[in-house]
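Asks:
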Amino acid sequence: MNVLVLVDHDAGTPKKISNQILTAARAVGGGEVHAVVLGQGATASAEKVAAYGVSKAFVWDNPDADAFATEPMTAALVAALEQSDAMILLYPADPFITDVVARAAVRVEAGVVTDATDLELDGDTMIATKAIFGGEMSSRCQVRQGRPQFIGVKANAFTAEEGGGAESECQVVGLDVTLDDKARRAEVVDTVEQEAGGRPEMTEASFIVAGGRGLGDAEGFKLIEELADALGAAVGASRAATDAGWYPHQHQIGQTGKTVAPQLYVGAGISGAIQHRAGMQTSQTIVAINKDADAPIFSIADFAVVGDLYKVLPPLIEEIRKRK
Amino acid sequence: MRIICPIKRVPDTAAAKKVDPDDHTLDRDSGEAILNANDEWSIEEALRIKERGSAEVIALCMGPEQAQTTVRKALSYGLDGAIQVTDPAIHGSDAVATARVLAGALADEEFDLIIMGNQSSDARTMLVPAMLAEFLDLPALTYVKNLDIDGNSLTAQRETPSGHVVVRAEMPAVVSVVEAINEPRYPSFKGIMAAKSKPLQTHDLAAVGVDAGQVGLDGSWTQVVEATPRPPKQAGDKVDDDGSGTVGAKALADFLAARKFI
Ligand SMILES: Cc1cc2nc3c(=O)[nH]c(=O)nc-3n(C[C@H](O)[C@H](O)[C@H](O)COP(=O)(O)OP(=O)(O)OC[C@H]3O[C@@H](n4cnc5c(N)ncnc54)[C@H](O)[C@@H]3O)c2cc1C
Ligand SMILES: Nc1ncnc2c1ncn2[C@@H]1O[C@H](COP(=O)(O)O)[C@@H](O)[C@H]1O
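Quick note, the sequences are listed as chains P and Z, same order. Sequential numbering of the first sequence, starting at 2, is according to my numbering. Sequential numbering of the second sequence, starting at 1171, is according to my numbering.
(1) Between L1308(Z) and G165(P), what straight-line distance do the alpha-carbon atoms span, to the nearest angstrom?
(2) Name the two residues that bound the continuous beta strand (DSSP E) containing I1432(Z).
(3) Do you know how far the Cα of P1357(Z) is from the Cα of A1364(Z)?
(4) To the nearest angstrom, report how far apart T192(P) and Q251(P) are at their CA atoms.
(5) Determine the burial state of N1322(Z): buried for a count of at least 16 other Cβ atoms within 10 Å of its Cβ, exposed for fewer.
(6) State the Cα-Cα distance for the pair A302(P) and G1248(Z), rounded to the nearest angstrom.
(7) Does DSSP put N20(P) in a helix, a strand or coil?
(8) Can you check whether the C-beta of K155(P) is within less than 8 Å of a C-beta belonging to chain Z?
(9) Could you name the residues of chain Z that E279(P) contacts, counting a contact when the two beta carbons are closer than 7 Å?
(10) Using C-beta distances below 6 Å, list every residue in its chain close to T1436(Z), excluding the 5 sequence neighbours before and after it, in chain order.
(11) Would you report the Cα separation of D1411(Z) and D309(P), rounded to the nearest angstrom?
(12) Could you run through the stretch 1245-1262 of chain Z and flag, in chain order, every residue whose CB is less than 9 Å away from some CB of chain P?
(13) In the DSSP output, what is E1226(Z) paired with across the bridge?
(14) Classify P15(P) as buried or exposed, calling it buried when 16 or more other Cβ atoms lie within 10 Å of its own Cβ.
(15) Report all residues for which the CB-ligand distance to some heavy atom of ligand 1 is below 5 Å; order them along the chain.
(16) In the structure shown, what three-state DSSP assignment does N1288(Z) receive?
(17) By the DSSP assignment, the beta strand (DSSP E) with E1340(Z) in it spans what residues?
(18) Return the chain-ordered ranges of every beta strand (DSSP E) run that is complete within the stretch 35-61 of chain P and spans a minimum of 3 residues.
(19) Listed in chain order, which residues are found with a beta carbon closer than 7 Å to a heavy atom of ligand 2?
(20) Quick one: which unbroken alpha helix (DSSP H) runs of 4-plus residues sit fully inside the stretch 192-265 of chain P? Chain order, please.
(21) Residues of chain P with CB under 8 Å from S1414(Z), in chain order?
(22) Would you report the Cα separation of H1334(Z) and V1314(Z), rounded to the nearest angstrom?
(23) Look at the alpha carbon of V1241(Z) and the alpha carbon of I1177(Z), and state the distance between them as a whole number of angstroms.
(24) With respect to the alpha helix (DSSP H) encompassing H1373(Z), which residues constitute its N-terminal and C-terminal limits?
(25) Looking only at its chain, what residues have a beta carbon closer than 6 Å to the beta carbon of K49(P), apart from the 5 residues adjacent to it on each side?
(26) Residues in its own chain within less than 6 Å of E33(P) by CB, not counting five upstream and five downstream?
(27) Here's the rule I'm using: 16 or more other beta-carbon atoms within 10 Å means buried, otherwise exposed. How should K155(P) be labelled?
(28) What are the residues of the stretch 1208-1221 of chain Z that lie near chain P, defined by any Cβ-Cβ distance shorter than 7 Å?
(29) Using the C-alpha atoms, what's the distance from G153(P) back to H1194(Z)?
(30) List the residues of chain Z whose Cβ lies closer than 7 Å to the Cβ of L265(P), in chain order.
(31) For I290(P), which beta-bridge partners are listed by DSSP?
(32) 8 Å is my cut-off, CB to CB: does D125(P) come that close to chain Z?
(33) Taking only beta-carbon positions, decide if E1202(Z) is within less than 8 Å of chain P.
(34) Could you give the residue range of the beta strand (DSSP E) that holds P1181(Z)?
(35) Which chain P residues are close to S1291(Z), counting only those with a beta carbon under 9 Å from its beta carbon?
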């Protein structure tokens, strides 16, 4: 069965999560893998995803996609769906992409399952496994109305592997998208980067180092960043830390922040309240450093260090640099 | 100005969750239920707009009869009234069905702005705001951490992984907010008392013009085929640092190396 993958990219470079999903599509669909790539740099990104076995790429490389929120991309996605024979659309579980998918699904009258961590084809139906209630339970869900079946896939659920494709074998289909005035009603007037680039994005990072109230002040996050950089990790934070203004809210992990499931989560000075665990307890490996031997986070930690993070982290950073 | 705040009744995070073995829906009576945390920020934002100028703020809740306590809680913050949509056929509705019902309830309402949470703590799909906007054919500004209103224009900061984008749209519009937008107030005693007598309209599906075949377990476009508790995670090794830091650091580095993280 042919699977269409909505590729998220940074102006010409496909995001890691997109490559992971393309790899999953190849393994689970049993048919061709097609891609839909939207926004500035879409042409360059489409060339790059060919290596993941994409045989057809629908491309809309147009500044309007980024100049206005959600609706131009929705129109372009719907245009791709009209030309596509795919029964399944896989998309990265990202907030802005979720908006595009939500509108498109209502437009084409198809159901959406979010946050899949495993996929399995049952006849014509894709069954998605996903964590629910903050990872307390696991469920299997399916779309049973409409085509394609829209399924969001979480970062790090699959490992990206190139395979069986080349740029010359990928048919590029330029999408013809006519936007009405309505599609331009939410205008992007500015982009503000609060942080210097260089670190991976938290929601798609393989490794995350998170800091909490135990750091004592904003300055403490320098140590967290240093450890993150030694590991090649993203930085996360508890609500206590973001509430105090020590680190920006977009890094908050938990019930009212982001849900992450990296290969490695390191928590320092975080107690592991249930609302925090609701955003990270499905991480593959959990490590915690806390001076309280009874900290709740230790009950889900694969490795625990009972100690003062200000004593443990500096030599840990040294050790990691030495062994790398 | 008239502002609508869609609010959801959700199980308390700490409450034990029980799922019906037959239809895989959450047993909403099994534990304590609360107002979805993210909806406290949308209520707060609406109240601040009201206090800056003048606005009527109305809560909108799709939920079972018991959700009335959640609606009264929302009213206690100082909202002016509420609409509750309750119908046995709604049980088991997914995001599309929810957005359809909310849109139906607003079809004959006048409003300028819809402000809602960006995610519910139980379903957590983040789909409902954009879907509601699509059903109502409105622009949506989502994941907003700062909102300015000037006449009929909205200027919003939409949170990104490394900062934000600034987006402008004209009202009427849908806005979904993240936690960083404000610090919600607590209901006052006066507010709690007043909530009891605030106007609350209750509608069934027919009253909001939605066909029962388009909602609930049978009408939803998605289906849960299985829901099982995840086995509790086992705690691994615990190392006591001796106060030097190096003992803990060495042990942790060994663990990371053994798992091939370094
Ligand atoms: C509706 C609602 C939603 C919420 N949503 C979220 C959410 O999304 N994310 C979230 O994180 N929280 C959330 N919370 C808050 C949550 O309940 C906790 O308050 C919060 O997670 C605590 O953060 P913390 O672990 O950093 O701080 P604390 O609980 O204060 O823990 C600090 C820890 O640091 C340790 N410590 C102190 N000094 C040191 C040191 N020198 N070395 C080592 N360890 C040290 C202490 O032993 C302690 O365990 C929410 C709460 C509510 C009510
Ligand atoms: N049953 C409901 N009644 C009213 N509003 C809802 C309902 N379900 C979801 N919402 C709104 O949609 C937002 C996002 O929820 P969700 O899409 O489920 O993550 C919530 O914060 C609410 O504002």
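Yeah, the Cβ is synthetic: ideal placement off N, Cα and C, and Gly gets one too.
Replies: Let me lay it out:
(1) 43 Å
(2) Run containing I1432(Z): none; DSSP gives neither H nor E here.
(3) 11 Å
(4) If you draw a straight line from the Cα of T192(P) to the Cα of Q251(P), it comes to about 15 Å.
(5) exposed
(6) 43 Å
(7) helix
(8) no
(9) The sequence shown places Ala at residue 279(P), rather than the Glu named in the question. Correct list: T1183.
(10) Residue 1436(Z) lies beyond the range of chain Z shown here (1171 to 1432); nothing can be said about it.
(11) 8 Å
(12) none
(13) Answer by DSSP bridge pairing, in chain order: R1172(Z).
(14) Counting the other CB atoms within 10 Å of its CB gives P15(P) a total of 16 or more, which places it among the buried residues.
(15) The set of residues with any CB-heavy atom separation to ligand 1 below 5 Å comprises, in chain order, G213(P), R214(P), G215(P), S239(P), R240(P), A241(P), G255(P), Q256(P), T257(P), G258(P), G270(P), I271(P), S272(P), A274(P), Q276(P), H277(P), N291(P), K292(P), D293(P), A296(P), D309(P), L310(P), A1207(Z).
(16) coil
(17) 1333-1340
(18) 55-61
(19) Residues with a Cβ closer than 7 Å to any heavy atom of ligand 2, in chain order: P1176(Z), I1177(Z), K1178(Z), N1206(Z), N1208(Z), D1209(Z), S1212(Z), L1230(Z), C1231(Z), M1232(Z), G1233(Z), A1265(Z), T1268(Z), L1272(Z), M1286(Z), G1287(Z), N1288(Z), Q1289(Z), S1290(Z), A1293(Z), R1294(Z), T1295(Z), M1296(Z), L1297(Z), V1298(Z), P1299(Z), S1346(Z).
(20) 222-232, 240-244
(21) K312
(22) 9 Å
(23) 8 Å
(24) Note, H1373(Z): premise wrong, no alpha helix (DSSP H); beta strand (DSSP E) at 1370-1373.
(25) P15
(26) Result list for E33(P): N3, S56, in chain order.
(27) buried
(28) N1208
(29) 20 Å
(30) Neighbours of L265(P) on chain Z, chain order: F1431.
(31) A269(P), V306(P)
(32) no
(33) no
(34) 1179-1181
(35) Scanning chain P for C-beta atoms nearer than 9 Å to the C-beta of S1291(Z) yields F134, G135, Q256, T257, Q276, A279, reported in chain order.
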